[in-house]
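Engineer: Let me begin by handing over the structure; questions about it come next.
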Amino acid sequence: MRKGQIRAIAICIFRKGDSILVAEGFDEVKRDHYYRPIGGGIEYGETSSKAIKREVLEEIGANINNLNYLGTLENIFTYNGDLGHEVVFVYDAEFVEKSFYEKPSFFGHEDNGATFKLLWKPISDFSKNKLSLVPEGLFNLL
Numbered sequence: 010m011r012k013g014q015i016r017a018i019a020i021c022i023f024r025k026g027d028s029i030l031v032a033e034g035f036d037e038v039k040r041d042h043y044y045r046p047i048g049g050g051i052e053y054g055e056t057s058s059k060a061i062k063r064e065v066l067e068e069i070g071a072n073i074n075n076l077n078y079l080g081t082l083e084n085i086f087t088y089n090g091d092l093g094h095e096v097v098f099v100y101d102a103e104f105v106e107k108s109f110y111e112k113p114s115f116f117g118h119e120d121n122g123a124t125f126k127l128l129w130k131p132i133s134d135f136s137k138n139k140l141s142l143v144p145e146g147l148f149n150l151l
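The numbering of the sequence shown is our numbering, which starts it at 10 and goes up by one.
Dropping the structure here:
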């Protein structure tokens, strides 16, 4: 992400019972864990729905269907001491390959080769700010 630019991203909620699939992140400056649904940047000339399908396929090798638009959030945040600004298109969908629902956790891969852990977390873990779900305002869309 380049400084001083607004980034358009798409993220996707996957549900299993009362849980959602989230990636666990850590802010080195705040010394704080946070959780975010899978997704990533929208490329020039690409719709947000195409972007989320591509991102899920690239990051975890999964095809998705029943894509449903939930809303858009504007996210201004600080991460590792740097200011970030995103416009976030939020979807929910289902995995075509049902085995993803059976794994308690698994790993995904960023474009830069970095690995991240995905896990199913009860939605209630994010109420009353017990755990931090980002972007801000996402919990209200659920």
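A virtual CB, placed ideally from N, CA and C, is assigned to each residue, including glycine.
Because the structure is a prediction, the values reported are computed rather than measured.
Rank 77, 61, 76, 78 by C-alpha distance to the C-alpha of residue 70 and give the top, closest one.
Structural biologist: Among 77, 61, 76, 78, the Cα nearest to that of residue 70 belongs to 61.
Engineer: Using alpha carbons as the reference points, say which of 138, 126, 101 lies closest to residue 58.
Structural biologist: With distances taken between Cα atoms, residue 58 lies closest to 101.
Engineer: What is the residue span of the alpha helix (DSSP H) that residue 63 lies within?
Structural biologist: From DSSP, the alpha helix (DSSP H) with residue 63 extends over 57-69.
Engineer: Would you decide whether residue 53 is buried or exposed? Buried here means 16 or more other CB atoms lie within 10 Å of its CB.
Structural biologist: Per the 10 Å Cβ criterion, exposed.
Engineer: Helix, strand or coil for residue 147? Go by DSSP, reduced to three states.
Structural biologist: Three-state result, residue 147: helix.
Engineer: At the level of alpha carbons, what is the spacing between residue 23 and residue 136?
Structural biologist: Near 18 Å, if we compare the C-alpha coordinates of residue 136 and residue 23.
Engineer: Taking DSSP as the reference, what is the three-state secondary structure of residue 120?
Structural biologist: Of the three classes helix, strand and coil, the one that applies to residue 120 here is coil, per DSSP.
Engineer: Check whether the Cβ atoms of residue 31 and residue 44 lie closer than 9 Å to each other.
Structural biologist: Cβ distance < 9 Å, so residue 31 and residue 44 count as in contact.
Engineer: Any idea which residues DSSP pairs residue 46 with across the strands?
Structural biologist: None; residue 46 has no bridge partner.
Engineer: State the start and end residues of the unbroken beta strand (DSSP E) segment that holds residue 75.
Structural biologist: Residues 73-88.
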